[in-house]
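Undergrad:
Residue numbers (the working numbering): 13 to 98.
1. How would you label residue 71, buried or exposed, when you count the other beta carbons within 10 angstroms and need 16 or more for buried?
2. Quick one: grab the DSSP three-state call for residue 65.
3. Alpha carbons only, please: which of 46, 92, 84 is nearest the one belonging to residue 68?
4. Got a sec? Which residues, its chain only, sit under 8 Å from residue 59 by beta carbon, not counting five neighbours each side?
5. According to DSSP, is residue 70 part of a helix, a strand, or is it coil?
6. Any idea if residue 62 is buried or exposed, counting beta-carbon neighbours within 10 angstroms, 16 or more meaning buried?
7. My output table needs one value for residue 75: the three-state DSSP class, helix, strand or coil.
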């Protein structure tokens, strides 16, 4: 990244791990690219498949389709539970 190191990573489209928007606020919506990175570097196409399958919730904001952060957390929780049960 260039510029101020204190600039929020989402402004540059970078993935984040426990990043916040200041004052401990996590973003409520993620781009498909950020969602892909947060989920370990899967493809944006796989994110779209997970949305279409109902595993991830997405909303339209203007022309953009954004993933609800809480649905990413819930999806990972389900994956972990499935792994424990296997």
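Glycine included, each C-beta is placed from N, C-alpha and C at the ideal position.
TA: Taking the coordinates as given:
1. The residue in question, residue 71, is exposed, as its Cβ has fewer than 16 Cβ neighbours within 10 Å.
2. Residue 65: coil per DSSP, three-state reduction.
3. Of the candidates 46, 92, 84, the one whose C-alpha sits nearest the C-alpha of residue 68 is 84.
4. For residue 59, where only same-chain residues beyond five positions count, the Cβ hits under 8 Å are 44, 47, 48, 51, 68, 79.
5. Under the three-state reduction of DSSP, residue 70 is assigned to strand.
6. The residue is buried, with at least 16 neighbouring Cβ atoms inside 10 Å.
7. Residue 75 falls in the coil class under three-state DSSP.
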